[in-house]
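When the letters of the sequence shown are read in order and numbered with the UniProt record's numbering, they come out as residues 1 to 66. Every residue gets a Cβ at the ideal spot worked out from N, C-alpha and C, and that includes glycine.
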Amino acid sequence: MCCIYYTLHVCDHWVAQPSPGNGPMVRICDVAEEQRLGIQCLQLEHRVTFRSQGLCDACLWKQVSK
1 MCCIYYTLHV CDHWVAQPSP GNGPMVRICD VAEEQRLGIQ CLQLEHRVTF
51 RSQGLCDACL WKQVSK
């Protein structure tokens, strides 16, 4: 099963790019690795790995530009 990691922000937006140094965004399973150019993995898991106390970039710019 492939996993996609997210960061959940205070504004309730899920961002699929963790901060630099926090590890990979997507973890590919063995089946998808073997058939990289063939079929894609149909078993995706979306997992929140980090919770941010701040706003996402889009909401932060909306607050700053008001």
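Item: Exposure label - residue 32; buried when at least 16 CB within 10 Å; Value: buried
Item: Selected residue, minimal CA-CA separation from residue 61, among 11, 29, 51; Value: 11
Item: Burial state of residue 9, where buried means 16 or more other Cβ atoms lie within 10 Å; Value: buried
Item: Euclidean distance between Cα positions of residue 28 and residue 48; Value: 16 Å
Item: Residue closest to residue 6, alpha-carbon to alpha-carbon, out of 55, 30, 63, 50; Value: 50
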